[in-house]
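A.B. asks: Below: one structure in structure tokens.
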Amino acid sequence: MDMYELGSAAALRGLIDATRQGGAYDALACGLDGDQWACLAPYLQPYPVRTGQVPIRQGDKDRTLFFIESGTLTVHLEDVSGRMKLAVLAPGTVVGEGAFFSGQPRSATVVATRDSQLWALKYARFQELSARQSAIALELAMACAAVVVRRLASTTLRVAVT
841 MDMYELGSAA ALRGLIDATR QGGAYDALAC GLDGDQWACL APYLQPYPVR TGQVPIRQGD
901 KDRTLFFIES GTLTVHLEDV SGRMKLAVLA PGTVVGEGAF FSGQPRSATV VATRDSQLWA
961 LKYARFQELS ARQSAIALEL AMACAAVVVR RLASTTLRVA VT
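Letter by letter, the sequence shown follows residues 841 to 1002 of the working numbering.
This is the structure in structure tokens:
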């Protein structure tokens, strides 16, 4: 079986483990069980990024939510004088939640500082998930909302909601 075979919770094993370990203060505390992860799997796309790649660029109008399975990402605010690092994101959390839920342009740029494995959830796929598996979509939305609240409560990470 290909590691990224869609529809397989086994393909998401690394992501599931990362969210359950919850080492970061802004970890995605998602209460999905194994069967629910299996239902979520077909809605996610593997999104590997190499060191230096930019999965999110400030100002873009993309509404993709990324789940971080492995690697490290940094969030930067870009202004006329250059980039200012705002946050370092570790496995087990999400990035892109601000634009995903608001429909607004991306508020910051995200750069991979190590090779990373992300999982992408397009907004249209989330809408499908909401229609077909509303309990899973609600749990996911609530877990993402908790990440936003934790980030907004932190003075240093307040602007890291991307």
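Idealized CB from N, CA, C, for every residue including glycine.
According to the Cβ coordinates, are V915 and A948 closer than 7 Å?
C.D. replies: Yes, these two residues count as a Cβ contact at 7 Å.
A.B. asks: May I have the straight-line CA-CA distance separating C870 from L917, to the nearest angstrom?
C.D. replies: One C-alpha to the other measures close to 28 Å.
A.B. asks: Answer yes or no: do P945 and G899 have a C-beta to C-beta separation smaller than 7 Å?
C.D. replies: Yes, Cβ-Cβ distance for P945 and G899 is below 7 Å.
A.B. asks: Which ranges would you report for the alpha helix (DSSP H) in the stretch 917-987 if only whole runs of at least 4 residues count?
C.D. replies: Complete alpha helix (DSSP H) runs here, min 4: 937-942 and 963-972.
A.B. asks: Whole angstroms is fine: what's the gap from V920's alpha carbon to R990's?
C.D. replies: Cα-Cα distance, rounded: 29 Å.
A.B. asks: Does DSSP put T859 in a helix, in a strand, or in coil?
C.D. replies: T859: helix per DSSP, three-state reduction.
A.B. asks: Measure from the C-beta of A964 to each C-beta in chain C and report whether the shortest distance is under 7 Å.
C.D. replies: Absent from the structure: chain C. Only one protein chain is present.
A.B. asks: Quick one: residues in its chain with C-beta nearer than 6 Å to the C-beta of A939, no 5 flanking neighbours on either side, listed in chain order?
C.D. replies: Hits under 6 Å: R903 and R946.
A.B. asks: Sort G874, V928 and S956 by Cα distance to P888 and report the nearest one.
C.D. replies: Closest by alpha carbon: S956.
A.B. asks: Would the beta-carbon of L868 fall within 7 Å of that of V934?
C.D. replies: In this structure, V934 lies closer than 7 Å to L868 by Cβ.
A.B. asks: Answer yes or no: the CB of A985 versus the heavy atoms of the ligand NAP, is any distance below 6 Å?
C.D. replies: This structure lacks the ligand NAP, and indeed carries no ligand of any kind.
A.B. asks: Taking the straight line between their C-alpha atoms, what separation do you get for C879 and G922?
C.D. replies: Distance between the alpha carbons of C879 and G922: 42 Å.
A.B. asks: Select from S970, Q893 and L958 the residue whose C-alpha is nearest the C-alpha of L855.
C.D. replies: Per the Cα distances, L958.
A.B. asks: Which term fits D857, buried or exposed, when burial requires 16 or more other beta carbons within 10 angstroms of its beta carbon?
C.D. replies: D857 should be labelled exposed.
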